[in-house]
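Numbering-wise, the sequence shown is residues 39 to 373 according to the working numbering.
Working notes, beginning with the structure itself.
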Amino acid sequence: MNYLQNIVRSEPNVNVKLLNYLPKIGIGSAREEIFTGLRAKQKYIYPKYFYDGRGSELFEEITQLEEYYPTRTEKKIIAGLTKKLYLDFSGLNIVELGSGDCSKISLLLEQASREELKELTYVPVDISESAIEKSSVELLKRFTLKNVTGIVADFYCQLNLIPKNRNRLFCFFGSTIGNFNAGEAKAFMTSLGKTMQPGDSLLLGADMLKDINVLERAYNDKKGVTAQFNKNILNVVNNLTGTEFDTSDFEHYAFFNEKKSRIEMHLRAMKDMVVNSEPDREAITVRRGETIHTENSNKFSADDVERFGKWAGLELQKILTDKNDWFSLSYYRKI
Ligand SMILES: C[S@@+](CC[C@H](N)C(=O)[O-])C[C@H]1O[C@@H](n2cnc3c(N)ncnc32)[C@H](O)[C@@H]1O
Numbered sequence: 039m040n041y042l043q044n045i046v047r048s049e050p051n052v053n054v055k056l057l058n059y060l061p062k063i064g065i066g067s068a069r070e071e072i073f074t075g076l077r078a079k080q081k082y083i084y085p086k087y088f089y090d091g092r093g094s095e096l097f098e099e100i101t102q103l104e105e106y107y108p109t110r111t112e113k114k115i116i117a118g119l120t121k122k123l124y125l126d127f128s129g130l131n132i133v134e135l136g137s138g139d140c141s142k143i144s145l146l147l148e149q150a151s152r153e154e155l156k157e158l159t160y161v162p163v164d165i166s167e168s169a170i171e172k173s174s175v176e177l178l179k180r181f182t183l184k185n186v187t188g189i190v191a192d193f194y195c196q197l198n199l200i201p202k203n204r205n206r207l208f209c210f211f212g213s214t215i216g217n218f219n220a221g222e223a224k225a226f227m228t229s230l231g232k233t234m235q236p237g238d239s240l241l242l243g244a245d246m247l248k249d250i251n252v253l254e255r256a257y258n259d260k261k262g263v264t265a266q267f268n269k270n271i272l273n274v275v276n277n278l279t280g281t282e283f284d285t286s287d288f289e290h291y292a293f294f295n296e297k298k299s300r301i302e303m304h305l306r307a308m309k310d311m312v313v314n315s316e317p318d319r320e321a322i323t324v325r326r327g328e329t330i331h332t333e334n335s336n337k338f339s340a341d342d343v344e345r346f347g348k349w350a351g352l353e354l355q356k357i358l359t360d361k362n363d364w365f366s367l368s369y370y371r372k373i
């Protein structure tokens, strides 16, 4: 997550390029956004700030936890995908939004022929530079691709920076769409629809509504990895804004909000505190028991999945699910 330095790197002997567009947003805007959240009545920090290098590593650990069903469930659907969708990779580039590690895209690429891979450019888009670097190297060890063009950017406001030279298959896995509130999801899908051109398509992973116990267990794992991930957001905020939050003053708090059909993650203060930041900024006051809302993870229905397509002006071709209907992967096309 580098808002300061514009990085354009190319490796001479490997077909990999890394472009960092976060400086276009600027550290100043990131700071303002964070302080606005920390001064709100219900304090909040946007979930994109989870993902520094450590945050990306912790998320990868979460995906391997026994309690965390979404990753393994979605992976099973991806593994059998191309036959079910008659997907043809020839002439396509793949753009993965919020790419994280490369495990899901690898499952998809395994289903392409060598000839198709040799012509394919993979474009991972993520706010975490380290995640893109690590996953690109790993991917190129496994597959001979024409190119990897990593884009470090905020997919909420920088979709226009994605290259447009061929037909593109956009992948948005991991139910990351569930981290937006309803207004943001609509704005994001509308903007994605405008970015896509006729001939482009989209694979969208969405976590479905299910038994509350299954949901709450997934965000309260026994090893406490989700708690570490949640608390790490304060380290990221400290680094970006100069605040002096101590993660040990907070506890992880995650629950299912039935009315809003979403898991909410918060950090609950265990004591009253005054947190200093830059000399010219007022300190932040936090009361014992008060929470900082760090993430929503909305749980969806088939109607929601249809609505996503409508917002984007895309035609829904198919919804694939697992045997329990716990997770869905939907395929849309821009006609
Ligand atoms: C829930 S994780 C999913 C990762 C991976 N797609 C998966 O399915 O396991 C969200 C991913 O999106 C990235 N991300 C979150 N907010 C972002 C934003 N505003 N712009 C770009 N990437 C973002 C994070 O760095 C992370 O890799």
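For every residue, glycine included, the Cβ atom is placed at its ideal position computed from N, Cα and C.
Please tell me whether I250 has its Cβ less than 8 Å away from any Cβ of chain D.
Here chain D cannot be found, since the structure has a single protein chain.
Between the region 109-122 and the region 349-361, can you find at least three pairs of beta-carbon atoms closer than 8 Å?
Touching, yes.
Assigned exposure category for S213 - 16 Cβ within 10 Å defines buried:
Position 175 of the sequence shown, counted from the first residue, corresponds to residue 213. Per the 10 Å Cβ criterion, buried.
What does the alpha-carbon distance come out to for the pair D310 and I322?
The sequence position of residue 310 within the sequence shown is 272, counting from 1. The sequence position of residue 322 within the sequence shown is 284, counting from 1. Taking the straight line joining both Cα atoms gives about 11 Å.
Please classify L240: does DSSP put it in a helix, a strand, or coil?
Translated into the one-based positions of the sequence shown, residue 240 becomes position 202. Reduced to three states, the DSSP call for L240 is strand.
Spatial neighbours of G216 in its chain, beta-carbon cut-off 8 Å, leaving aside the 5 residues before and after:
Locating residue 216 in the sequence shown gives position 178, where the first residue counts as 1. Around G216: A244, D245, R300, N334, S335, N336, K337 and F338.
Closer than 7 Å: is that where the CB of T109 sits relative to any heavy atom of ligand 1?
Working through the sequence shown from its first residue, we reach residue 109 at position 71. Yes - ligand 1 has a heavy atom lying nearer than 7 Å to the Cβ of T109.
Secondary structure of I115, DSSP reduced to three states
Translated into positions along the sequence shown, residue 115 becomes position 77. Helix at I115.
In this structure, does DSSP put L145 in helix, strand or coil?
Translated into positions along the sequence shown, residue 145 becomes position 107. Looking at L145 - three-state DSSP - the assignment turns out to be helix.
Within 7 Å: the Cβ of Y194 and any heavy atom of ligand 1?
As a first step, residue 194 is located in the sequence shown; it is residue number 156 there, counting from the start. For ligand 1, at least one heavy atom lies less than 7 Å from the Cβ of Y194.
Nearest to G66 by alpha carbon, out of E328, Y370 and L278?
As a working mapping, residue 66 is identified with position 28 in the sequence shown. Nearest option by C-alpha distance: L278.
Pick from L272, E302 and P85: whose alpha carbon is nearest that of D192?
One-based indexing of the sequence shown puts residue 192 at position 154. Nearest C-alpha to D192: P85.
Quick one: what's got a C-beta closer than 6 Å to S229's C-beta in the same chain, skipping five residues either side?
Stepping through the sequence shown from its first residue, residue 229 is reached at position 191. For S229, where only same-chain residues beyond five positions count, the Cβ hits under 6 Å are L197.
Do you know offhand how far L103's Cα is from S94's?
In the sequence shown, counting from the first residue as 1, residue 103 sits at position 65. In the sequence shown, counting from the first residue as 1, residue 94 sits at position 56. Counting only the Cα atoms, S94 lies some 15 Å from L103.
Among the residues of its own chain, which have a CB less than 8 Å from the CB of K260, if the five just before and after it don't count?
Position 222 of the sequence shown holds residue 260. Result list for K260: E105, in chain order.
According to the neighbour-count rule (16 or more other Cβ atoms, all chains shown, within 10 Å of its Cβ), is V312 buried or exposed?
Here residue 312 is taken as the residue at index 274 of the sequence shown, counted from 1. The residue is exposed, with fewer than 16 neighbouring Cβ atoms inside 10 Å.
State buried or exposed for R206, treating a residue as buried only when at least 16 other CB atoms are found within 10 Å of its CB.
Working through the sequence shown from its first residue, we reach residue 206 at position 168. Counting C-beta atoms within 10 angstroms of its own C-beta, R206 has 16 or more neighbours from the protein chains shown and is therefore classed as buried.
Of the listed residues V54, V274 and L305, nearest to S166 (C-alpha basis):
Indexing the sequence shown from 1 puts residue 166 at position 128. Sorting V54, V274 and L305 by C-alpha distance to the C-alpha of S166 places V274 at the top.
When you compare only the Cα positions, how much space is there between D139 and L96?
Numbered from its first residue, the sequence shown carries residue 139 at position 101. Numbered from its first residue, the sequence shown carries residue 96 at position 58. Cα atoms of D139 and L96: separation of roughly 11 Å, rounded to the nearest angstrom.
On the DSSP letters alone, give me the boundaries of the alpha helix (DSSP H) that Y66 sits inside.
Residue numbering aside, residue 66 sits at position 28 when the sequence shown is read from its first letter. Note that residue 66 corresponds to Gly in the displayed sequence, not to Tyr. Taken as a continuous stretch (DSSP letters only), the alpha helix (DSSP H) holding G66 covers I65 to L76.
In the DSSP assignment, find the unbroken alpha helix (DSSP H) run with I301 in it and report its ends.
Within the sequence shown, the letter at position 263 stands for residue 301. I301: not part of any alpha helix (DSSP H); member of the beta strand (DSSP E) spanning R300 to A307, first to last residue.
Should V133 be labelled buried (16 or more other beta-carbon atoms within 10 Å of its own) or exposed?
One-based indexing of the sequence shown puts residue 133 at position 95. That one is buried.
Over the uninterrupted beta strand (DSSP E) stretch that includes M311, give me the two end residues.
Within the sequence shown, numbered from 1, the residue matching residue 311 stands at position 273. In this chain, the beta strand (DSSP E) harbouring M311 covers M311 to V313.
With a threshold of 8 Å, are at least 3 pairs of Cβ atoms found where one atom belongs to the region 140-151 and the other to the region 175-192?
They touch, by the three-pair rule.
Can you look up V163 in the DSSP assignment and give me helix, strand or coil?
Taking the first residue of the sequence shown as position 1, residue 163 is located at position 125. For V163, the secondary structure class from DSSP, reduced to helix, strand or coil, is strand.
Got a sec: does ligand 1 put a non-hydrogen atom nearer than 7 Å to the Cβ of F365?
Here residue 365 refers to the residue found at position 327 of the sequence shown. Using a cutoff of 7 Å, the CB of F365 does not count as near ligand 1, since none of the ligand's heavy atoms is closer than that.
Less than 8 Å between the beta carbons of Y107 and V252, yes or no?
On the sequence shown, residue 107 is found 69 positions in, with the first residue counted as 1. On the sequence shown, residue 252 is found 214 positions in, with the first residue counted as 1. Against a cut-off of 8 Å, the Cβ pair of V252 and Y107 comes out as a contact.
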